[in-house]
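Each residue of the sequence shown is one higher than the one before, counting from 39 in my numbering. Note that beta-carbon positions come from the ideal geometry of N, C-alpha and C, so glycine has one too.
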Amino acid sequence: MMSTLLINTRPKHRGQAIRQMTGMPVIDLPLLDIQTLPMTETKASMMRAWLDHDYDVLVVTSVESARRALEYLDKLHGGHHWQSKLPNAPIVAVGLATAKVLTDRGLPVVLPRVTNNEGMLAMTEIRSLISGSRVLIWRGAGGRKLLHETLKARGVQIDVIRWYERFIPMDLMDNFQKNLKIINEKADVFVIISSEMAYQAWRRLPHHRQYHYLALGERLKNIIHAYEPDVMVDELVTLEPTEIYQVIHQNF
Numbered sequence: 039m040m041s042t043l044l045i046n047t048r049p050k051h052r053g054q055a056i057r058q059m060t061g062m063p064v065i066d067l068p069l070l071d072i073q074t075l076p077m078t079e080t081k082a083s084m085m086r087a088w089l090d091h092d093y094d095v096l097v098v099t100s101v102e103s104a105r106r107a108l109e110y111l112d113k114l115h116g117g118h119h120w121q122s123k124l125p126n127a128p129i130v131a132v133g134l135a136t137a138k139v140l141t142d143r144g145l146p147v148v149l150p151r152v153t154n155n156e157g158m159l160a161m162t163e164i165r166s167l168i169s170g171s172r173v174l175i176w177r178g179a180g181g182r183k184l185l186h187e188t189l190k191a192r193g194v195q196i197d198v199i200r201w202y203e204r205f206i207p208m209d210l211m212d213n214f215q216k217n218l219k220i221i222n223e224k225a226d227v228f229v230i231i232s233s234e235m236a237y238q239a240w241r242r243l244p245h246h247r248q249y250h251y252l253a254l255g256e257r258l259k260n261i262i263h264a265y266e267p268d269v270m271v272d273e274l275v276t277l278e279p280t281e282i283y284q285v286i287h288q289n290f
């Protein structure tokens with residue numbers, strides 16, 4: 039697979055396992071970076087209310103929000119003692135990676151069958167919410183709001199803690215230009231696309247060839263095909279190196 043190249047587009051602090059993949063050359067081209075948002079009294083009040091059993095469901099939408107929330111709780115309580123008074127309300131994790139961050143710390147989670155907003159809306163824990171129910175969401179700034187808007191229209195009270203925001207790195211264009219020679223000389227170039235915002239950042243770059251995309255989830259696969267109907271797109275369920283390698287290997 040020497041004529042094959044994998045472009046690792048994950049943020050610098052998240053792409054280490056992919057960066058260390060063997061069997062094919064891998065170059066780093068982070069399409070997004072992440073910045074923690076400051077804690078406010080409003081956010082702190084929501085966290086206290088969650089620990090006081092004031093919410094019917096907690097929804098955790100990403101690894102980044104899960105990590106930051108757990109770090110905040112540890113700092114607030116001087117360690118892991120807060121876990122002894124966990125609320126009984128369900129904790130919904132959007133994906134397997136997010137669930138693992140929580141379960142590794144002893145928090146019980148439930149997962150939707152399909153890891154997106156539509157999948158969450160189909161869950162019993164979400165469908166059973168009625169007018170007056172209270173939901174807390176841990177998430178980043180921006181992103182899809184289908185779950186939020188659907189529940190709000192049902193009369194459910196939604197509180198949101200935005201733990202971080204994503205932005206396009208200042209050096210993205212420079213990094214792309216530095217790697218352009220190796221990108222253009224390879225016969226097959228696979229590109230990891232893990233979010234719609236990342237794909238839009240990718241589209242801003244001056245491309246002169248076609249790529250083979252590895253899209254995280256069916257929705258993202260469909261978005262790419264809507265913009266580029268003729269390109270090859272394979273769907274990833276996770277971003278584990280073993281799955282990435284297997285999907286690439288299937289194309290040969």
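Would you report the Cα separation of residue i and residue j, rounded to the nearest angstrom?
i	j	result
Pro279	Ile199	31 Å
Ala87	Gly170	16 Å
Val132	Asn154	6 Å
Phe214	Leu243	8 Å
Ile230	Leu254	8 Å
Ile221	His51	23 Å
Tyr251	Asp272	6 Å
Thr78	Asp90	18 Å
Phe228	Gly181	25 Å
Ser122	His115	11 Å
Ser233	Met59	21 Å
Met161	Val64	38 Å
Ala82	His119	17 Å
Met211	His245	11 Å
Asn289	Pro267	18 Å
Arg165	Leu218	48 Å
Lys216	Glu281	28 Å
Pro287	Thr47	It is worth fixing the name first, because residue 287 is His in this sequence and not Pro. The alpha-carbon atoms of His287 and Thr47 are separated by roughly 19 Å.
Considering only the beta carbon of each residue, do residue i and residue j sit closer than 8 Å?
i	j	result
Val98	Trp176	yes
Tyr202	Ile45	no
Lys209	Ser41	Reading the sequence as shown, one finds Asp at residue 209 and not Lys. Not closer than 8 Å, so no.
Leu70	Pro49	yes
Val152	Ile129	no
Met235	Arg257	no
Leu145	Leu111	no
Val285	Leu274	yes
Val269	Tyr249	yes
Leu43	Lys224	yes
Arg57	Leu108	no
Tyr265	Arg241	yes
Where does residue i fall in DSSP's three states?
i	result
Glu102	helix
Tyr251	strand
Asn46	strand
Asp112	helix
Trp176	strand
Phe290	coil
Arg204	strand
Glu278	coil
Leu167	coil
Gln121	helix
Glu266	coil
Val227	strand
What residues in its chain sit with their C-beta under 8 Å from that of residue i, if we drop five residues either side in the sequence?
i	result
Ile192	For the sequence presented, residue 192 should be read as Arg rather than Ile. Same-chain partners within the cutoff: Leu167, Ile168, Ser169.
His186	Ile175, Ile196, Val198
Ile75	Checking the sequence, you will find Leu at residue 75 rather than Ile. Here the set comprises Ala179, Arg200, Trp201, Tyr202, Glu203.
If I'm right that residue i touches residue j with Cβ under 8 Å, what's the distance once you round it to whole angstroms?
i	j	result
Gly53	Tyr283	Going by Cβ atoms, the distance from Gly53 to Tyr283 rounds to 15 Å, so no, they are not a contact pair.
Asp94	Ala127	5 Å
Leu140	Ala104	6 Å
Leu159	Thr188	6 Å
Who are the Cβ neighbours of residue i in its own chain at under 6 Å, not counting the five residues just before and after it?
i	result
Ile317	Outside the shown range of the chain, which is 39 to 290, sits residue 317, and nothing can be said about it.
Asp197	Met84, Leu174
Leu184	Asn155
Arg172	Tyr93, Asp94, Gln195
In chain order, what residues of the same chain have a beta carbon less than 7 Å from the beta carbon of residue i, not counting five sequence neighbours either side?
i	result
Ala55	Pro279
Ile261	Glu234, Tyr237
Arg106	Thr74, Trp201, Tyr202
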